[in-house]
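Undergrad: Structure provided below as structure tokens; questions to follow.
In my numbering, the protein residues as written are -5 to 109.
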């Protein structure tokens, strides 16, 4: 009986640890459209969380009206950042303008999470 309890505890503990690890996992692809990435992120529970509303010129540069838009660079390759939060974690996604179609939504280049 004691072994059953120990084994059950280990198995259930492993499931809990796996569930926790999966909740912080982010599935994105470099080169993916931010519109597609945003749909995937929001479907998996990530909420838009920019520190401030995006400025009009940033919305124009981004080519989107996504609520997660945090900022855009007015110079260079057209970097934009999108901020999200879920379960106490913050996710930052950086895009760059599509060189072939700069007026369209950016493509994902990198991302990271912070507590």
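We put the CB at the ideal spot given by N, CA and C, even for glycine.
Hey, how far is the Cα of residue 17 from the Cα of residue 71?
TA: Position 23 of the chain shown, counting from 1, holds the residue named residue 17. Position 77 of the chain shown, counting from 1, holds the residue named residue 71. A caution first: residue 17 carries a pLDDT of 49, below 50, which makes its placement in the model unreliable, though a value can still be read off. Across the structure, residue 17 and residue 71 are spaced so that their CA atoms are roughly 32 Å apart.
Undergrad: Could you check the C-alpha separation between residue 57 and residue 66 for me, to the nearest Å?
TA: Here residue 57 refers to the residue found at position 63 when the chain shown is read from its first residue. Here residue 66 refers to the residue found at position 72 when the chain shown is read from its first residue. Using only the alpha carbons, I get a separation of about 11 Å.
Undergrad: Relative to the alpha-carbon of residue 85, which residue among 102, 109, 91, 69 has its alpha-carbon at the smallest distance?
TA: Here residue 85 refers to the residue found at position 91 of the chain shown. Closest option to residue 85, Cα to Cα, is 109.
Undergrad: Is it buried or exposed for residue 40, if we count other Cβ within 10 angstroms and need 16 for buried?
TA: Stepping through the chain shown from its first residue, residue 40 is reached at position 46. Residue 40 comes out buried.
Undergrad: When the Cα atoms are used, what is the spatial distance from residue 44 to residue 78?
TA: Walking along the chain shown from the start, residue 44 turns up at place 50. Walking along the chain shown from the start, residue 78 turns up at place 84. Computed Cα separation, rounded: 7 Å.
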